[in-house]
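**Q**
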Amino acid sequence: MSKSVFYNGKIAVPGGFVEGMAIEGQNIVCLGSSEEVCEIWDAEKIDLAGRLALPGFIDGHMHFLAYALSLERADLLGCLSVNEVRSRLRAFLDERRPEPGEWVVGRGWNHELFDDNRILTKEDLDDLTPVNPAMLARVCGHIVVLNSRAITLLGLTGESRFAGGVVDLDDGGEPTGVIRESVVEWAGSKLPLPGPEKLRKLVVRAGEETAKVGLTSIHSDDLGSVGGDFQTIIDLYISLCKEDEMPVRITEQLLLRNRPALDHFLSTGWRTVDGMPFFHIGPLKILTDGSMGGRTAL
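Using my numbering, you'd call the opening residue of the sequence shown number 173 and step up by one each time.
1) Quick one: what's Thr423 bridged to in DSSP?
2) Is it a yes or a no for the stretch 275-286 touching the stretch 307-314, going by three-plus beta-carbon pairs under 8 Å?
3) Nearest to Asp298 by CA position, among Asn319, Arg290, Leu308, is which residue?
4) Given a threshold of 16 other Cβ atoms within 10 Å of its Cβ, counted over all protein chains shown, does Ser392 qualify as buried or as exposed?
5) Report the residue from Leu412, Phe178, Asn304 whose alpha carbon sits nearest the alpha carbon of Ile200.
6) When we look at the beta-carbon of Gln403 and count the other beta-carbons within 10 Å, is it buried (16 or more) or exposed?
7) Around the Cβ of His452, are there at least 16 other Cβ atoms within 10 angstroms (buried) or fewer (exposed)?
8) Spell out a yes or no on whether the stretch 352-361 and the stretch 190-198 are touching, meaning 3 or more CB-CB pairs, one atom from each, closer than 8 Å.
9) Apart from the five residues just before and just after Gly197, which ones in its own chain have a Cβ nearer than 7 Å to its Cβ?
10) Drop a sphere of 10 angstroms on the beta-carbon of Asp394, count the other beta-carbons inside from all chains shown, and report buried for 16 or more, exposed for fewer.
11) With a threshold of 16 other CB atoms inside 10 Å of the CB of Ser242, please say whether the residue is buried or exposed.
12) Check whether the stretch 236-252 touches the stretch 376-384, taking contact to mean three or more Cβ pairs, one atom from each stretch, closer than 8 Å.
13) With DSSP as the reference, label Phe229 as helix, strand or coil.
14) Would you kindly report the start and end of the unbroken beta strand (DSSP E) that includes Asp298?
15) Under the DSSP definition of a beta bridge, which residues are partnered with Asn319?
16) Identify, in the order they occur along the chain, each residue of the same chain with its Cβ nearer than 6 Å to the Cβ of Gly447, setting aside the five sequence neighbours on each side.
17) Can you name the start and end residues of the beta strand (DSSP E) that Asp266 belongs to?
18) Count Cβ pairs between the stretch 253-270 and the stretch 283-293 that sit closer than 8 Å; are there 3 or more?
19) Who are the near neighbours of Ile472 in its chain, counting only those whose CB is closer than 8 Å to its CB and skipping five residues on each side?
20) With a Cβ-Cβ cutoff of 8 Å, do Tyr409 and Ile390 count as a contact?
21) Please go through the same chain and pick out, in chain order, the residues whose beta-carbon is closer than 6 Å to the beta-carbon of Leu220, but skip the five residues on each side of it.
22) What residue range does the beta strand (DSSP E) around Pro347 cover?
23) Check whether the stretch 228-241 touches the stretch 381-388, counting contact only when three or more Cβ pairs, one atom from each stretch, lie closer than 8 Å.
Written as structure tokens, this is what we have:
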């Protein structure tokens, strides 16, 4: 079992601070002065150089698997204009050089940061992606813009209708490329997922990245990343746990969009808190409307 000693630091305890801490495995076994903890055993010693040591942070809600997948997708966070989105996408395409027909996927644009507050449409993507279907999600994930090739591939038309979702149409009654809510999840389910081994590597890499900034526990809503297939998610995380490869603790928030989905999940026998030390089932999540940023909230 691994042993570590942290000394010469500032560690909060009830009633004040101590300088040192000794850890064995997953347990804190001693808190005290630098001298006290350094004398406990011969172990890796880490000099905190007077800095504050904090416990790992818990993120109460994120989309961890979506983040893992995004590590190989176009990053559009922080773009301040449509032109900047296009420039970022062009740079991504130049670097990755996707094969003709391969999906181009990105996330992070936010029209509320643009001077004109204009939502992207297919016309903003078509000239950059003439031979590839493209899907770029807004920062909230509740709105996506598709290029013309993706619209055709998915079979969307002016007559397409979805319960709990919207396909935006132009004045001529044709799709603009903007889809909302349940249509986003449906379209996302059509994306090819990486193979199991590739997906495992992306999850481990994502966990290492979040751990670098102090996130050690994450409450994650992942079903939208795999088309609502909760068993794929459960199997993925449990297999990583069994091989001791999970770098962060995951509490899975299961988004179940309707009563049949809820009944199906309950029929499998899974219950909240089922799982393992680094993964367990958390709350079941049901949406009654959309998001503020996506203008889909009731």
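Ideal placement from N, C-alpha and C gives every residue a C-beta, glycine not left out. In this text the structure is predicted, and so the values were computed from the model without any measurement.
**A** Result, derived from the coordinates:
1) Your numbering for residue 423 matches position 251 in the sequence shown. Partner(s): His391, His452.
2) yes
3) What you label residue 298 is simply residue 126 of the sequence shown in a count that begins at 1. Of Asn319, Arg290, Leu308, the residue nearest in Cα terms is Asn319.
4) The residue given as residue 392 occupies position 220 in the sequence shown. Ser392 should be labelled buried.
5) Counting from 1 along the sequence shown, the entry for residue 200 is found at position 28. Looking at the Cα atoms, Phe178 is the closest of the given residues.
6) In the sequence shown, the residue the question calls residue 403 occupies position 231. Exposed, since its Cβ has fewer than 16 Cβ neighbours within 10 Å.
7) As a first step, residue 452 must be located in the sequence shown, where it is residue number 280. Buried: at least 16 other Cβ atoms inside 10 Å.
8) no
9) Your numbering for residue 197 matches position 25 in the sequence shown. Result list for Gly197: Met173, Ser174, in chain order.
10) Residue mapping note: residue 394 aligns to position 222 of the sequence shown, counting from 1. Under this definition Asp394 is a buried residue.
11) Position 70 of the sequence shown holds residue 242. Looking at its Cβ environment, which holds 16 or more other Cβ atoms inside 10 Å, Ser242 is buried.
12) yes
13) Position 57 of the sequence shown, counted from the start, is the residue given in the question as residue 229. Phe229: strand per DSSP, three-state reduction.
14) Along the sequence shown, one-based indexing puts residue 298 at 126. It is not in any beta strand (DSSP E) - Asp298 instead sits in the alpha helix (DSSP H) that spans 295-298.
15) Indexing the sequence shown from 1 puts residue 319 at position 147. Answer is none; Asn319 lacks a bridge partner.
16) Within the sequence shown, numbered from 1, the residue matching residue 447 stands at position 275. Hits under 6 Å: Ile453.
17) As a working mapping, residue 266 is identified with position 94 in the sequence shown. That residue, Asp266, is in no beta strand (DSSP E); its alpha helix (DSSP H) goes 254-268.
18) Contact holds: three or more Cβ-Cβ distances are below 8 Å.
19) The structure shown does not extend to residue 472, since the chain is modelled only from 173 to 470, so the question has no answer here.
20) Locating residue 409 in the sequence shown gives position 237, counting from the first residue. Locating residue 390 in the sequence shown gives position 218, counting from the first residue. No, these two residues do not count as a Cβ contact at 8 Å.
21) The residue you call residue 220 lines up with position 48 of the sequence shown. Same-chain partners within the cutoff: Phe178, Asn180, Gly181.
22) The count along the sequence shown starts at 1 and reaches residue 347 at position 175. 347-353 is the extent of the beta strand (DSSP E) around Pro347.
23) yes
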